[in-house]
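**Student:**
Number of protein chains: 2
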Amino acid sequence: MNPATRGFDPAEFKDRVRRAQAMMQDAGLNALLMTTEPEVRYYTGFLTRFWESPTRPWFVVVPASGDPIAVIPSIGAYLMGQTWITDIRTWQAPDYDDDGIGLLARTLADVAPGNGRIGVADQMESHLRMPLSDLKRLESLLPQGQLCSDAQITRRLRLVKSEAEIAKIRMATAIADRAFDRVHEIASTGTALSAVFRDFQRLCLEEGADWVPYLAGGAGTGGYGDVISPASDAPLCRGDVLMLDTGLVWDGYFCDFDRNYSIGPPSPQVAAAHARLIEATQSAFDLARPGALIRDLFHAMNDIANPGQTGSDAGRLGHGLGMQLTEWPSIIPQDDTVLEPGMVLTLEPGVALPDGKIMVHEEDILITETGAEYLSSAQSKEIRTL
Amino acid sequence: MNPATRGFDPAEFKDRVRRAQAMMQDAGLNALLMTTEPEVRYYTGFLTRFWESPTRPWFVVVPASGDPIAVIPSIGAYLMGQTWITDIRTWQAPDYDDDGIGLLARTLADVAPGNGRIGVADQMESHLRMPLSDLKRLESLLPQGQLCSDAQITRRLRLVKSEAEIAKIRMATAIADRAFDRVHEIASTGTALSAVFRDFQRLCLEEGADWVPYLAGGAGTGGYGDVISPASDAPLCRGDVLMLDTGLVWDGYFCDFDRNYSIGPPSPQVAAAHARLIEATQSAFDLARPGALIRDLFHAMNDIANPGQTGSDAGRLGHGLGMQLTEWPSIIPQDDTVLEPGMVLTLEPGVALPDGKIMVHEEDILITETGAEYLSSAQSKEIRTL
Chain A
365 MNPATRGFDP AEFKDRVRRA QAMMQDAGLN ALLMTTEPEV RYYTGFLTRF
415 WESPTRPWFV VVPASGDPIA VIPSIGAYLM GQTWITDIRT WQAPDYDDDG
465 IGLLARTLAD VAPGNGRIGV ADQMESHLRM PLSDLKRLES LLPQGQLCSD
515 AQITRRLRLV KSEAEIAKIR MATAIADRAF DRVHEIASTG TALSAVFRDF
565 QRLCLEEGAD WVPYLAGGAG TGGYGDVISP ASDAPLCRGD VLMLDTGLVW
615 DGYFCDFDRN YSIGPPSPQV AAAHARLIEA TQSAFDLARP GALIRDLFHA
665 MNDIANPGQT GSDAGRLGHG LGMQLTEWPS IIPQDDTVLE PGMVLTLEPG
715 VALPDGKIMV HEEDILITET GAEYLSSAQS KEIRTL
Chain B
365 MNPATRGFDP AEFKDRVRRA QAMMQDAGLN ALLMTTEPEV RYYTGFLTRF
415 WESPTRPWFV VVPASGDPIA VIPSIGAYLM GQTWITDIRT WQAPDYDDDG
465 IGLLARTLAD VAPGNGRIGV ADQMESHLRM PLSDLKRLES LLPQGQLCSD
515 AQITRRLRLV KSEAEIAKIR MATAIADRAF DRVHEIASTG TALSAVFRDF
565 QRLCLEEGAD WVPYLAGGAG TGGYGDVISP ASDAPLCRGD VLMLDTGLVW
615 DGYFCDFDRN YSIGPPSPQV AAAHARLIEA TQSAFDLARP GALIRDLFHA
665 MNDIANPGQT GSDAGRLGHG LGMQLTEWPS IIPQDDTVLE PGMVLTLEPG
715 VALPDGKIMV HEEDILITET GAEYLSSAQS KEIRTL
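Heads up: the protein sequence lines correspond to chains A and B, in order.
Its first residue numbered 365, the first sequence is counted upward by one per residue in this note's numbering.
Its first residue numbered 365, the second sequence is counted upward by one per residue in this note's numbering.
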């Protein structure tokens, strides 16, 4: 395992663009238009937390040949200039009269003259990050029908991670693993769940996270109510199950996994539920290899975690992982994506318990040439005890 | 100053809905459709970090009369059930055949039958958080032209904060103020900027932040290159200016301000630049009162920070603040928003320095009945020294 280094070699971006351009040719597309953070970063390396501000739109255009063109607010020119991108066209945003749409339309006319087709992401898990009125204005400036589906090109490319990307995800999972090993320092009977959340984020930073975009969890006797609620100030009680689920970031790449802890010795039901979750996870892991289907992983987990039942409120039993906390595909019975080396997935079974309680478990895995590898540390059937 | 409490009284949400409905009547709208985190939260109180996952769409419909209706993935039913919302319609997402669009269309038909007009946010700083293909599908299921602009209703409402909202922003600014006062613990000659970033987030958590969605900054001799770059591993050097700009969150509300520090005694140029930034900020603060215009604040700052020049790469000299790191309006010469009590703004002048360097300063202010109040601690002209 090589230690990860920050950033990417420019060759990596050039390779991404070259492969996108080959797919564009197959799909009859003259350009791709990117509007969201991961899309822009995937082709350029533009990494900033400034996307937290919704004010300004950002655009990157991948032409049929040649390098990407950034069409961005001037506040980003310095940072974009540090990437491998050289054609950087800026306007002073926010501009109440024309917030970059005229400049974008002229750029698109350069790369896709006439009726050249311009692909934008339109599938599940995507959105167009620009005001609806600006989309209409852009459409009015372009030949009718010029904007069309991107044939999922960027999504398909991002599905398989490079060695350099995997190294960054490894860093993130290792950091979270170390933080999870220190939860005994911050949580015990009487600790408010909100304090546990706050201190766990601190542990993630101490162990090397750049930042902690995601933390969820829950605590309760014999399980928790859901997995997306913010922390309450209620204190942990003996007999509670505490679950923490983090998506921390290292150099722009996420981990996403959870750990369960019993406050004091677990009840037989909780102990059995945890063992079942680990068994379900391992069962999917054992199947995971090139050529297997995503839906196979679903059934392997579901048959153990929820025998005789399909579907739960969570809606899926895991998903892709990388530049975003969750990525395509979803581990559901309807997904027939064929596994390939370089895919990174989470396995995330859940079990229903009495009184509407649930327990969930999650690990991160890499599909290798011959099978799969745990990126997070595979857990034993015995629940951790605090 | 009352200490803030978590959550809101249901009366606050009912008041927001009642005021939205009055504005909908004026605008001839039969419903509003919300798709983004702040819009959904504004009317429901639905607070979760789960929005970090791009997978699932979330919808809330505000009808012309009566309470909002949540149309959401089943994974969110439990948490939405903890809010004041009672009409919660769910589907098991992700659903590759119909990810909530059929359910949403039926809901919209219930509340806006016939050709009733349904408003969606379409202005600057907004986007529609749903796949483009789903938007087209929704439009095909609704009478033509039924989806239209929301007349900026939610944006106009959010511009003026309630007492309870202001109390939460006060909490966030106070937490950041305490963290900024502790920077001497984590930064000195030789400290890598990346370590400063990591440790500053830890300080924010220790001082009470729920989480730290935003941290930016820079360091360099005589100023920094920009204000949106991630931290490098380069060590701080004597004579550097270090700037940290944080947007931390308490109970869903942000602060957003920065502090500059000189590593060792400042150069005369840096000392003068900092004094000028404080003077510019104070000049806008002195003008800020009900009836003044946003553009007045721009000119007050710009005349001192960048005399004889309009505009810079940053594009604006401050903005609104609240449920998001940055909100409408933008402090630019074109903005004629009239200040009202309850608006919360950042004042953020910048100065250009030799060799392409810049320095920026930022404070958070509240417009009161008679003037303005600093929410962050107004800084003295002397730059802090580490």
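We put the CB at the ideal spot given by N, CA and C, even for glycine.
All values derive from a computational prediction rather than experimental measurement.
Show which residues of chain A have a CB atom less than 7 Å away from the CB atom of Met-494 (chain B).
**Tutor:** Translated into positions along the second sequence, residue 494 (chain B) becomes position 130. Simply His-491.
**Student:** In angstroms, rounded to a whole number, what distance separates the CA positions of Gly-655 (chain A) and Met-388 (chain A)?
**Tutor:** Sequence index remark: in the first sequence, residue 655 (chain A) carries index 291 (1-based). Sequence index remark: in the first sequence, residue 388 (chain A) carries index 24 (1-based). Cα-Cα distance, rounded: 25 Å.
**Student:** Whole angstroms is fine: what's the gap from Tyr-578 (chain A)'s alpha carbon to Phe-561 (chain A)'s?
**Tutor:** Taking the first residue of the first sequence as position 1, residue 578 (chain A) is located at position 214. Taking the first residue of the first sequence as position 1, residue 561 (chain A) is located at position 197. Those two C-alpha atoms are separated by around 11 Å.
**Student:** To the nearest whole angstrom, what separates the beta carbons of Gly-623 (chain A) and Phe-544 (chain A), a pair I think is in contact under 8 Å?
**Tutor:** Looking up residue 623 (chain A) in the first sequence gives position 259. Looking up residue 544 (chain A) in the first sequence gives position 180. Reading the sequence as shown, one finds Arg at residue 623 (chain A) and not Gly. Confirmed, about 5 Å.
**Student:** Enumerate, from N- to C-terminal direction, the unbroken beta strand (DSSP E) stretches of 3 or more residues contained entirely within the region 609-655 of chain A.
**Tutor:** Fully enclosed beta strand (DSSP E) runs of 3 or longer: 621-626.
**Student:** List the residues of chain A whose Cβ lies closer than 7 Å to the Cβ of Asp-590 (chain B), in chain order.
**Tutor:** Walking along the second sequence from the start, residue 590 (chain B) turns up at place 226. Simply Tyr-442 and Leu-443.
**Student:** Determine whether the beta carbon atoms of Phe-621 (chain B) and Ala-540 (chain B) lie at a separation below 8 Å.
**Tutor:** As a first step, residue 621 (chain B) must be located in the second sequence, where it is residue number 257. As a first step, residue 540 (chain B) must be located in the second sequence, where it is residue number 176. Yes, they are a contact pair.
**Student:** At 3 residues or longer, and completely inside the region 443-475 of chain A: list those beta strand (DSSP E) runs for me, N to C.
**Tutor:** 451-455, all fully within the region 443-475 of chain A.
**Student:** What is the DSSP secondary structure of Ile-731 (chain A), reduced to helix, strand or coil?
**Tutor:** Locating residue 731 (chain A) in the first sequence gives position 367, where the first residue counts as 1. The answer is strand: DSSP assigns Ile-731 (chain A) an E or B state.
**Student:** Could you tell me the distance, in whole angstroms, from the CA atom of Ala-536 (chain A) to the CA atom of Asp-373 (chain A)?
**Tutor:** Working through the first sequence from its first residue, we reach residue 536 (chain A) at position 172. Working through the first sequence from its first residue, we reach residue 373 (chain A) at position 9. About 20 Å.
**Student:** Does the Cβ-Cβ distance between Arg-640 (chain B) and Ala-664 (chain B) come in under 8 Å?
**Tutor:** Position 276 of the second sequence, counting from 1, holds the residue named residue 640 (chain B). Position 300 of the second sequence, counting from 1, holds the residue named residue 664 (chain B). No. Outside cutoff.
**Student:** Can you tell which of A:Gly-686, A:Pro-693, A:Arg-405 and A:Ile-695 has the C-alpha that lies nearest to the C-alpha of Arg-534 (chain A)?
**Tutor:** Position 170 of the first sequence, counted from the start, is the residue given in the question as residue 534 (chain A). Checking every option, the nearest Cα to that of Arg-534 (chain A) belongs to A:Gly-686.
**Student:** Quick check on Gly-720 (chain A): does DSSP put it in helix, strand or coil?
**Tutor:** Locating residue 720 (chain A) in the first sequence gives position 356, where the first residue counts as 1. Helix at Gly-720 (chain A).
**Student:** By Cβ distance below 7 Å, which residues in the same chain neighbour Asn-666 (chain A) in space, the five residues on each side in sequence not counted?
**Tutor:** As a position in the first sequence, residue 666 (chain A) is number 302, starting the count at 1. The residues are Thr-674 and Leu-681.
**Student:** For the alpha helix (DSSP H) that Glu-527 (chain A) lies in, which residues bound it at each end?
**Tutor:** Here residue 527 (chain A) refers to the residue found at position 163 of the first sequence. Segment 527-544, the alpha helix (DSSP H) holding Glu-527 (chain A).
**Student:** Please state the DSSP three-state secondary structure of Glu-737 (chain B).
**Tutor:** Locating residue 737 (chain B) in the second sequence gives position 373, counting from the first residue. Reduced to three states, the DSSP call for Glu-737 (chain B) is strand.
**Student:** If we cut at 8 Å on Cβ distances, does Pro-713 (chain B) have a partner in chain A?
**Tutor:** Counting from 1 along the second sequence, the entry for residue 713 (chain B) is found at position 349. Not one chain A Cβ lies under 8 Å of Pro-713 (chain B).
**Student:** Contact between the region 467-486 of chain B and the region 393-411 of chain B: three or more CB pairs below 8 Å?
**Tutor:** Output reads yes: the region 393-411 of chain B touches the region 467-486 of chain B.
**Student:** If you count every other CB in all the chains shown that lies within 10 Å of the CB of Val-702 (chain B), and 16 or more means buried, which is it?
**Tutor:** Within the second sequence, numbered from 1, the residue matching residue 702 (chain B) stands at position 338. Its Cβ having fewer than 16 others within 10 Å, Val-702 (chain B) is exposed.
**Student:** With hydrogens ignored, establish whether the beta-carbon of Leu-411 (chain B) is closer than 7 Å to any heavy atom of the ligand FMN.
**Tutor:** For the structure depicted, the ligand FMN is absent and the ligand set is empty, with no information on it obtainable.
**Student:** Beta carbon of Phe-662 (chain B), beta carbon of Ile-695 (chain B): below 8 Å?
**Tutor:** The residue labelled residue 662 (chain B) in the question sits at position 298 within the second sequence. The residue labelled residue 695 (chain B) in the question sits at position 331 within the second sequence. Taking 8 Å as the Cβ cut-off, Phe-662 (chain B) and Ile-695 (chain B) qualify as a contacting pair.
**Student:** Alpha carbon to alpha carbon, how far is Val-426 (chain A) from Gly-616 (chain A)? Give it in angstroms, no decimals.
**Tutor:** Residue mapping note: residue 616 (chain A) aligns to position 252 of the first sequence, counting from 1. Residue mapping note: residue 426 (chain A) aligns to position 62 of the first sequence, counting from 1. Cα-Cα distance, rounded: 21 Å.
**Student:** Take Arg-501 (chain A) and list the residues in its own chain whose beta-carbon comes closer than 6 Å to its own, dropping the five residues that flank it on each side.
**Tutor:** Residue numbering aside, residue 501 (chain A) sits at position 137 when the first sequence is read from its first letter. Hits under 6 Å: Ile-465.
**Student:** Any chance you could list the beta strand (DSSP E) runs of at least 3 consecutive residues sitting entirely within the region 405-447 of chain B, in chain order?
**Tutor:** Segments of the beta strand (DSSP E) lying fully in the region 405-447 of chain B: 423-427 and 433-437.
**Student:** Taking 8 Å as the CB-CB cut-off, is Arg-470 (chain A) touching chain B?
**Tutor:** Locating residue 470 (chain A) in the first sequence gives position 106, where the first residue counts as 1. For Arg-470 (chain A), the answer is no, since every Cβ of chain B falls outside 8 Å of its Cβ.
**Student:** Between Ala-538 (chain B) and the rest of its own chain, which residues show a CB-CB distance below 7 Å, the 5 nearest in sequence each way excluded?
**Tutor:** The residue given as residue 538 (chain B) occupies position 174 in the second sequence. Correct list: empty, nothing qualifies.
**Student:** For Glu-691 (chain A), which three-state DSSP category applies?
**Tutor:** Counting from 1 along the first sequence, the entry for residue 691 (chain A) is found at position 327. Note: Glu-691 (chain A) maps to strand in three-state DSSP.
**Student:** For Thr-749 (chain B), count the other beta carbons within 10 Å of its own beta carbon; 16 or more makes it buried, fewer makes it exposed. Which is it?
**Tutor:** Position 385 of the second sequence holds residue 749 (chain B). Exposed: under 16 other Cβ atoms inside 10 Å.
**Student:** Which word fits Gly-440 (chain A), buried or exposed, when buried means at least 16 other C-beta atoms lie within 10 angstroms of its C-beta?
**Tutor:** The sequence position of residue 440 (chain A) within the first sequence is 76, counting from 1. It is buried - the Cβ of Gly-440 (chain A) has at least 16 other Cβ atoms within 10 Å.
**Student:** Say whether chain A places a C-beta atom closer than 8 Å to the C-beta of Ala-678 (chain B).
**Tutor:** The residue labelled residue 678 (chain B) in the question sits at position 314 within the second sequence. With 8 Å as the cut-off, Ala-678 (chain B) counts as an interface residue toward chain A.
**Student:** Would you tell me roughly how many angstroms separate the C-alpha atoms of Met-365 (chain B) and Pro-671 (chain B), rounded to the nearest one?
**Tutor:** Here residue 365 (chain B) is taken as the residue at index 1 of the second sequence, counted from 1. Here residue 671 (chain B) is taken as the residue at index 307 of the second sequence, counted from 1. With a pLDDT of 47 at Met-365 (chain B), under the threshold of 50, the modelled position of this residue cannot be trusted; read the value that follows with caution. When rounded, the distance between both Cα atoms is 38 Å.
**Student:** Answer yes or no: do Ala-531 (chain B) and Ala-368 (chain B) have a C-beta to C-beta separation smaller than 8 Å?
**Tutor:** Reading the second sequence from its first residue, position 167 is the one you call residue 531 (chain B). Reading the second sequence from its first residue, position 4 is the one you call residue 368 (chain B). Going by C-beta atoms, Ala-531 (chain B) is nearer than 8 Å to Ala-368 (chain B).
**Student:** Can we say the region 419-438 of chain B touches the region 598-616 of chain A, given the rule of at least three CB pairs closer than 8 Å?
**Tutor:** In short, these stretches do not touch, since the Cβ pair count stays below three.
**Student:** Cα separation between Ala-595 (chain A) and Thr-454 (chain B)?
**Tutor:** Numbered from its first residue, the first sequence carries residue 595 (chain A) at position 231. Numbered from its first residue, the second sequence carries residue 454 (chain B) at position 90. Ala-595 (chain A) and Thr-454 (chain B): Cα-Cα distance of roughly 23 Å.
**Student:** Applying the criterion that 16 or more other CB atoms from any shown protein chain within 10 Å of the CB defines a buried residue, is Asp-597 (chain B) buried or exposed?
**Tutor:** The residue you call residue 597 (chain B) lines up with position 233 of the second sequence. That one is exposed.
**Student:** Excluding the five sequence neighbours on either side, which residues of its own chain have a C-beta within less than 6 Å of the C-beta of Arg-519 (chain A), listed in chain order?
**Tutor:** Locating residue 519 (chain A) in the first sequence gives position 155, where the first residue counts as 1. Contacts found: Trp-692.
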